[in-house]
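Written out below as structure tokens is the structure these notes cover.
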């Protein structure tokens with residue numbers, strides 16, 4: 027019945043023994059782990075390990091680490107919520123059933139080191155499918171036409187062509203995507219010839235104001251942050267990754283030392299789906315707004331936001347500052363730059379959520395020129411409201427005062443070519459938004475999903491910080507999509523999340539949920555082990571012939587993408603790089619150096635590897651001697667007297683090791699200066715910020 031066996035790891039046995047000793051001497055044991063499923067499960071595991079009697083067990087939760095919150099929690103202890111424990115246990119077992127059984131399948135059929143996961147694989151599929159949608163997208167040409175005019179008062183006015191013979195020229199193209207819909211716009215002017223014809227006709231036309239509209243509109247503040255929205259906004263405004271955001275938020279939650287006040291938790295719990303705010307915070311924020319900004323910025327009553335997430339009852343509040351009066355500026359000196367930026371974002375969003383709406387004045391001017399109608403639009407902020415502390419991009423575009431019937435002077439007509447744009451690649455922010463929208467994953471998992479799909483080399487980020495699938499990511503996705511379609515299906519994954527929520531709410535039992543999933547999954551896996559041939563997956567036939575042995579060459583996928591390889595491997599190891607278009611890339615030629623190999627006496631040449639250029643013996647493969655270019659640093663090895671050289675690890679990291687390796691395995695990760703430590707005699711190495719430190723970790727010697 028999927029019952030897991032839990033054991034204490036040997037490294038933690040001393041800690042457990044100490045906890046048991048302390049628990050035995052105590053009248054009560056308070057378990058104050060996080061308030062979500064994972065936190066509840068940790069408390070339950072501790073109770074099992076400590077064998078604590080029920081009368082001693084006190085489970086307490088709080089959303090902020092402040093004195094008042096903790097004292098209040100101590101007054102209201104409760105028992106362990108087994109529904110939450112079972113939901114966490116079910117999720118953990120489910121993820122292991124998928125990962126532990128599907129990953130070995132990928133190792134056997136594709137390559138070692140790969141992994142599959144119930145949520146990560148869906149995230150990869152979203153990115154792969156989006157990339158294919160972009161590749162399939164056919165750009166369409168269209169043109170816009172802008173007029174540059176002046177009023178009778180000599181004020182400038184820009185207007186864009188909007189209608190031809192009473193028909194709007196703007197058109198919308200709607201596409202059905204793997205995840206959702208996408209709309210791109212174009213105009214009915216589709217080529218340069220048509221655009222120029224319009225420009226020519228307008229040169230002699232009279233431009234006259236046909237209509238002026240003015241209207242007032244309200245813009246309401248955004249709700250306070252959930253985890254997903256915080257990660258999205260921190261990425262958009264601050265450039266933080268989701269992992270970075272959660273690490274900094276954890277620091278702010280756990281507490282920062284504020285001079286005499288000691289260590290204080292600055293924000294509430296940062297893994298939440300909820301949009302609600304406590305009555306205390308609502309009152310505090312209204313006091314702050316009234317006192318610091320004035321009555322006009324205060325709405326009649328507190329704003330209440332409705333939570334959309336079905337699972338939000340597990341976490342009781344949105345992310346907010348623990349005190350509305352604790353402004354970012356007031357504590358800036360106690361925070362590092364990243365902590366300050368994130369706290370500033372959270373504070374402004376939460377306080378702004380309780381402020382008055384902004385009021386916008388919008389103006390539209392229609393200008394007739396024969397059968398053509400141009401339109402100019404602008405808006406100004408009449409009352410900034412919440413925008414006073416939570417600014418967005420500038421809204422002001424002020425239009426000149428004109429009257430209906432006024433004739434305008436044409437200065438210039440400017441046609442501009444455009445092309446329809448494909449759906450955008452995902453960023454961390456937009457991928458998290460999609461996962462949240464389709465109910466895939468939970469607040470506690472978003473950051474780890476972003477890290478995992480990149481760590482597995484399934485996804486890379488381009489120069490615009492947008493996700494691009496690797497060749498390996500595409501291959502793994504295609505294998506899973508074809509043979510294990512449920513695992514990468516959006517609806518199926520969302521349904522599983524819904525079932526886990528129902529377990530947490532006490533509506534379903536966890537064992538039947540796992541049983542219903544596992545039996546068909548395991549049966550299909552056993553079948554696929556027999557049906558799927560590794561050669562069909564990893565070898566793509568080509569017309570290329572190996573010039574070294576005459577055998578056919580096939581396209582394979584390695585850690586760094588696709589390449590051509592000889593089918594005569596391992597006897598023939600000939601390979602060729604492929605460019606982005608799948609064509610054979612120009613092979614770099616070895617450069618002569620005049621240097622002789624110190625192991626066999628043959629010439630050393632400069633070769634290009636995945637981490638740049640290096641020196642290699644031309645006698646390869648009989649002699650495999652290599653050296654980094656400029657690698658010798660003329661510092662003797664303290665262990666054997668050999669020479670220390672600069673090298674690169676398999677992951678590309680520079681280190682400094684003995685040139686006599688493998689006979690001598692002396693290594694340093696920082697560059698040695700050649701001098702010895704005056705305190706212990708070890709080599710001195712370059713430290714951070716132009717310092718010199720001792721390479722012996724037990725020695726604290728350091729100098730600027």
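Numbering (the numbering used here), first residue to last: 27 to 730.
We put the CB at the ideal spot given by N, CA and C, even for glycine.
To the nearest angstrom, how far is it from the Cα of residue i to the Cα of residue j?
i           : j           : result
residue 687 : residue 500 : 39 Å
residue 640 : residue 158 : 37 Å
residue 339 : residue 172 : Model confidence at residue 339 stands at a pLDDT of 48, short of 50, so the residue's coordinates are unreliable; what they give is reported in the following sentence. Using only the alpha carbons, I get a separation of about 52 Å.
residue 192 : residue 395 : 12 Å
residue 56  : residue 86  : 7 Å
residue 177 : residue 428 : 7 Å
residue 341 : residue 590 : Bear in mind that the predicted position of residue 341 carries a pLDDT of just 48, short of 50, making it unreliable; the figure below should be weighed with that in mind. Spanning the two alpha carbons is a distance of roughly 52 Å.
residue 408 : residue 346 : 28 Å
residue 560 : residue 566 : 11 Å
residue 679 : residue 722 : 20 Å
residue 685 : residue 668 : 6 Å
residue 568 : residue 562 : 13 Å
residue 674 : residue 681 : 6 Å
residue 246 : residue 712 : 54 Å
residue 137 : residue 357 : 51 Å
residue 575 : residue 504 : 33 Å
residue 377 : residue 315 : 8 Å
residue 94  : residue 288 : 15 Å
residue 486 : residue 449 : 18 Å
residue 548 : residue 139 : 21 Å
residue 299 : residue 254 : 8 Å
residue 600 : residue 592 : 6 Å
residue 410 : residue 422 : 11 Å
residue 584 : residue 484 : 12 Å
residue 332 : residue 301 : 7 Å
residue 200 : residue 163 : 12 Å
residue 197 : residue 208 : 14 Å
In the DSSP assignment, find the unbroken alpha helix (DSSP H) run with residue i in it and report its ends.
i           : result
residue 536 : 536-557
residue 505 : 497-509
residue 524 : 516-530
residue 50  : 39-50
residue 306 : 305-314
residue 462 : 454-463
residue 533 : Neither: residue 533 is in no alpha helix (DSSP H) and is coded neither H nor E.
residue 273 : 268-280
residue 561 : 560-564
Report the CB separation of residue i from residue j in whole angstroms; it is logged as a contact under 8 Å.
i           : j           : result
residue 720 : residue 710 : 6 Å
residue 235 : residue 432 : 5 Å
residue 217 : residue 167 : 6 Å
residue 30  : residue 115 : 7 Å
residue 54  : residue 82  : 6 Å
residue 213 : residue 390 : So it is not a contact: roughly 19 Å between Cβ atoms.
residue 645 : residue 497 : No, residue 645 and residue 497 are not in contact; Cβ-Cβ is about 33 Å, not under 8 Å.
residue 343 : residue 89  : 5 Å
residue 400 : residue 186 : 6 Å
residue 417 : residue 323 : So it is not a contact: roughly 14 Å between Cβ atoms.
residue 654 : residue 671 : 6 Å
residue 513 : residue 144 : 7 Å
Taking the continuous beta strand (DSSP E) assigned at residue i, which residues delimit it?
i           : result
residue 443 : 433-445
residue 327 : Residue 327 -> no beta strand (DSSP E), and no H or E assigned at all.
residue 478 : Not the beta strand (DSSP E): residue 478 falls in the alpha helix (DSSP H), residues 472-481.
residue 36  : Careful: residue 36 lies outside any beta strand (DSSP E) and carries neither H nor E.
residue 56  : 55-57
residue 428 : Element bounds for residue 428: n/a, residue is neither H nor E.
residue 576 : No beta strand (DSSP E) holds residue 576; DSSP gives it neither H nor E.
residue 653 : 652-654
Assess, as a yes-or-no matter, whether the stretch 58-76 is touched by the stretch 97-113 under the definition of 3 or more beta carbon pairs within less than 8 Å.
-> yes
If you scan the stretch 62-113 from start to end, which runs of the beta strand (DSSP E) of 3 or more residues do you find wholly inside it?
-> 83-85
Could you name each continuous beta strand (DSSP E) segment of 3 residues or more that falls completely within the stretch 345-414, going from the start of the chain to the end?
-> 384-395, 398-409
Three or more C-beta pairs closer than 8 Å, one from the stretch 450-466 and one from the stretch 123-139: is that the case here?
-> no
Assess, as a yes-or-no matter, whether the stretch 147-157 is touched by the stretch 475-487 under the definition of 3 or more beta carbon pairs within less than 8 Å.
-> yes
Answer yes if the stretch 256-269 comes into contact with the stretch 348-357, meaning at least three C-beta pairs across the two stretches below 8 Å, and no otherwise.
-> no
Which residue spans inside the stretch 592-635 form an unbroken beta strand (DSSP E) run of at least 3?
-> 601-603, 617-622, 629-635
Indicate whether the contact test is met: 3 or more Cβ pairs, each with one atom in the stretch 375-390 and one in the stretch 304-311, closer than 8 Å.
-> yes
3 or more residues per run - each beta strand (DSSP E) lying fully within the stretch 660-717 = 669-674, 680-684, 698-702, 709-712
Minimum length 3: unbroken beta strand (DSSP E) runs contained in the stretch 140-204 = 167-176, 182-190, 196-202
Say whether the stretch 218-227 touches the stretch 432-442, bearing in mind that this needs 3 or more beta-carbon pairs closer than 8 Å, one atom from each stretch.
-> yes
Which ranges would you report for the beta strand (DSSP E) in the stretch 204-256 if only whole runs of at least 3 residues count?
-> 207-213, 233-245
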